[in-house]
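The sequence shown maps to residues 0 to 379 in numbering that gives the first Met the number 0. Take a look at the structure below.
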Amino acid sequence: MARFKEIEALYIHIPFCNRICTYCDFYKMLAKYDAKAKYIDYLIKELDLRKPYLSSIKTIYIGGGTPTSLDNDLLERLLEAIEKRVDLSKVIEYSIEANPLDLNLIKCNLLKKYHINRVSVGVQSFNKERLKFLGRIHTKTDAYDAVKNLKKSGIKNINIDLIYALPNDKFSIFKKDLVEAAKLGVNHISCYALILEEHTILYKYYKEGKYSELDEDIQAKIYYKTNKYLAKYGYNHYEISNYARDGYESIHNLTYWNNEYYMAIGASSSYYFDNVRYTNIHNLKKYYEGIDNLKLEYFEESKLSNLDQMKEEIILGLRKVKGVDIIRFSHKFGMTIYDAFGDIINDLINKKLLVIVNNSYLKIPENKLFISNSIMSKFI
Ligand code: SF4
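So, in structure tokens, the structure goes:
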């Protein structure tokens with residue numbers, strides 16, 4: 000069985016935020032300067048441990064948490080360390096996640112100085128009430144200023160994250176956020192449905208009877224209307240929740256959906272190579288001990304069988320609107336997708352839940368993308 004590529008993607012996790020959003024279940028925390036400084040020191044040590052895997056890196060993604068919540072000197076220490084350890088002349092996409100409030104011109108210039116060329120801004124909404132419900136403290140003006148400062152610093156590849164399916168939501172309301180995002184002229188928009196996760200502030204509201212999830216049929220309506228609306232404004236729908244102008248699809252995220260290997264550093268970060276999926280421990284003390292002892296502790300370490308790898312190729316590939324590349328599947332696994340999963344595929348095609356396009360791609364029809372999870376689950 001042939002693997003196609005070396006590790007070309009690097010993810011770096013920063014678990015700090017300035018404020019905790021009501022819906023968030025990521026690994027993140029509020030922290031003081033010294034705690035953040037210690038974390039950056041250990042990230043750099045982990046980067047050194049991972050050096051053998053960094054020679055072919057083409058995309059870097061610094062996510063969180065909120066990486067831009069780091070003080071400028073700490074962020075600069077990290078960016079400088081990355082520059083010394085990764086050959087940035089080979090890096091074609093270098094992204095960071097940002098909070099609008101952090102993106103003053105000084106911070107934007109700092110990002111530009113260290114060759115970051117793509118910024119994903121957590122706007123979520125331009126509406127005051129929606130932002131308040133989500134626990135976000137920025138305003139519409141902050142979001143506008145953030146994009147303006149990024150462009151001024153020379154960073155033009157910008158994503159905006161938006162959230163829909165808030166209580167009593169409907170497309171006519173969410174559309175106002177889409178209009179604002181499109182007006183800002185960003186190259187990429189991600190739209191996520193609000194999901195109720197345990198251990199969040201929203202879950203507490205839910206338990207107290209103060210919040211209930213939006214009806215699924217209404218969510219589906221908003222989703223499909225969003226797809227149409229963004230297409231009209233030149234955003235290609237290329238993944239379940241992602242839309243990009245021509246040539247601005249996220250190369251880093253496509254690594255995940257193409258089921259390629261990738262490296263990651265930081266507490267709770269996940270990575271994949273040599274057919275093993277790893278997740279670093281979600282505990283700073285244990286994370287630091289692991290690095291000191293040169294033996295990282297994993298929250299999860301799972302070796303994938305050949306069948307597991309094929310399943311993941313399909314499940315991740317079906318996230319892309321284009322679908323799974325059937326020919327690539329055969330080359331990668333030495334058997335056709337039909338030999339591996341013929342019965343399931345035929346059944347789903349008969350039910351109009353999958354289609355084959357030009358004998359090249361197996362995909363979920365666009366009018367069924369909202370129920371993609373239940374379609375993908377048939378391959379588990
Ligand atoms: S959604 Fe983002 S900014 Fe909000 S708490 Fe979670 S990681 Fe932090």
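Glycine included, each C-beta is placed from N, C-alpha and C at the ideal position. Fair warning: this is a prediction, and the values are worked out from it, not measured in the lab.
Tell me where the beta strand (DSSP E) around isoleucine 61 begins and ends. For isoleucine 61, the uninterrupted beta strand (DSSP E) segment begins and ends at 58-63.
Run the CB neighbour count on proline 14, radius 10 Å, all protein chains shown included, and call it buried at 16 or more, exposed below. Answer is buried; the Cβ neighbour count reaches 16.
In angstroms, rounded to a whole number, what distance separates the CA positions of arginine 276 and tyrosine 260? For arginine 276 and tyrosine 260, the distance between alpha carbons rounds to 9 angstroms.
Tell me, which residues are paired with histidine 137 by DSSP? Per DSSP, histidine 137 has no beta bridge partner at all.
Any 3 or more C-beta pairs closer than 8 angstroms across the segment 96-108 and the segment 138-154: Contact between the segment 96-108 and the segment 138-154 is present, because at least three Cβ pairs lie under 8 angstroms.
Between which residues of its own chain and arginine 76 is the CB-CB distance below 6 angstroms, once the five residues before and five after are set aside? Taken in chain order, the residues that qualify are Ile39.
Of the listed residues Ser373, Gly233, Ala339 and Trp256, nearest to glycine 246 (C-alpha basis): Among Ser373, Gly233, Ala339 and Trp256, the Cα nearest to that of glycine 246 is on Gly233.
Determine contact between the segment 283-296 and the segment 50-68, defined as no fewer than three beta-carbon pairs at a distance below 8 angstroms. Cβ pair count under 8 angstroms is below three, so no.
Just to confirm before moving on: does the CB-CB distance between aspartate 86 and isoleucine 56 stay below 9 angstroms? Yes, these two residues count as a Cβ contact at 9 angstroms.
Output the residue ranges of the alpha helix (DSSP H) runs that lie fully inside the segment 254-326 and measure 4 residues or longer, sorted by chain position. Look at the segment 254-326 and you find these whole runs of alpha helix (DSSP H), each 4 residues long or longer: 283-291 and 305-316.
Sorted by chain position, which residues of the same chain lie with C-beta nearer than 6 angstroms to glutamate 300's C-beta, five sequence neighbours on each side aside? Short of 6 angstroms from the beta carbon of glutamate 300, and not among the five residues preceding or following it, lie these beta carbons of its own chain, in chain order: Tyr277.
Go ahead and label lysine 362 buried or exposed: buried means 16 or more other beta carbons lie within 10 angstroms of its beta carbon, across all protein chains shown. With 16 or more other Cβ atoms inside 10 Å of its own Cβ, lysine 362 counts as buried.
Going by DSSP, which residues form a beta bridge with isoleucine 95? Partner(s): Ile61 and Val118.
Going by the C-beta, is glycine 121 closer than 8 angstroms to any heavy atom of ligand 1? Yes, the Cβ of glycine 121 comes within 8 angstroms of a heavy atom of ligand 1.
Backbone secondary structure at tyrosine 360 - three-state DSSP: In the structure shown, tyrosine 360 sits in a strand (DSSP, three-state: E or B).
Counting C-beta neighbours from all protein chains within 10 Å, is the total for arginine 18 16 or more, i.e. buried, or is it exposed? Burial call: exposed.
C-alpha distance - lysine 294 paired with isoleucine 280, whole-angstrom precision: Each residue's alpha carbon lies about 12 angstroms from the other.
Please state if the CB of isoleucine 379 and the CB of asparagine 358 are separated by a distance shorter than 9 angstroms. No, they are not a contact pair.
With a cut-off of 8 angstroms, do at least 3 Cβ pairs link the segment 365-372 to the segment 327-336? Flag = no, the segment 365-372 and the segment 327-336 do not touch.
Do the CB positions of leucine 46 and asparagine 71 come within less than 9 angstroms of each other? Not in contact: leucine 46 and asparagine 71 (Cβ atoms no closer than 9 angstroms).
For methionine 262, count neighbouring C-beta atoms within 10 Å of its own C-beta (all shown protein chains included) and say buried if the count is 16 or more, exposed if not. Burial call: buried.
From leucine 380 to histidine 236, what does the alpha carbon distance come to, in whole angstroms? Examination of residue 380 is not possible in this model, given that the chain is present from 0 through 379 alone.
Nearest to tyrosine 41 by CA position, among Arg318, Asp291 and Tyr52, is which residue? Cα-wise, what sits closest to tyrosine 41 is Asp291.
Just the C-alpha distance for glycine 316 and serine 240, rounded to the nearest angstrom, thanks. The C-alpha of serine 240 is placed about 14 angstroms away from the C-alpha of glycine 316.
Terminal residues of the continuous alpha helix (DSSP H) containing tyrosine 41? First-last of the alpha helix (DSSP H) with tyrosine 41: 32-48.
Buried or exposed: which applies to alanine 1, given that a residue is buried once 16 or more other Cβ atoms fall within 10 Å of its Cβ? Residue confidence is low: alanine 1 scores 42 on pLDDT, short of 50, so the model does not pin down where it sits. Its coordinate-derived value is still stated next. Exposed, since its Cβ has fewer than 16 Cβ neighbours within 10 Å.
Less than 9 angstroms between the beta carbons of glycine 289 and histidine 12, yes or no? In terms of Cβ geometry, glycine 289 and histidine 12 do not form a close pair [threshold 9 angstroms].
Under 9 angstroms between C-beta atoms of leucine 53 and isoleucine 6: With contacts defined by Cβ atoms closer than 9 angstroms, leucine 53 and isoleucine 6 form a contacting pair.
Could you compute how far the alpha carbon of tyrosine 22 sits from the alpha carbon of glycine 153? Straight-line Cα distance between these residues: approximately 32 angstroms.
With DSSP collapsed to three states, give me the class of methionine 334. The answer is coil: DSSP assigns methionine 334 none of H, G, I, E or B.
Let me make sure I understand the geometry here. Which of Leu104, Glu92, Ile91 and Tyr113 has the alpha-carbon closest to that of isoleucine 81? Relative to the Cα of isoleucine 81, the nearest Cα in the group Leu104, Glu92, Ile91 and Tyr113 belongs to Tyr113.
Should lysine 169 be labelled buried (16 or more other beta-carbon atoms within 10 Å of its own) or exposed? Of the other Cβ atoms in all chains shown, fewer than 16 fall within 10 Å of the Cβ of lysine 169; this residue is therefore exposed.
Report yes if the C-beta of lysine 27 is less than 8 angstroms from at least one heavy atom of ligand 1; otherwise report no. Yes, the beta carbon of lysine 27 sits closer than 8 angstroms to at least one heavy atom of ligand 1.
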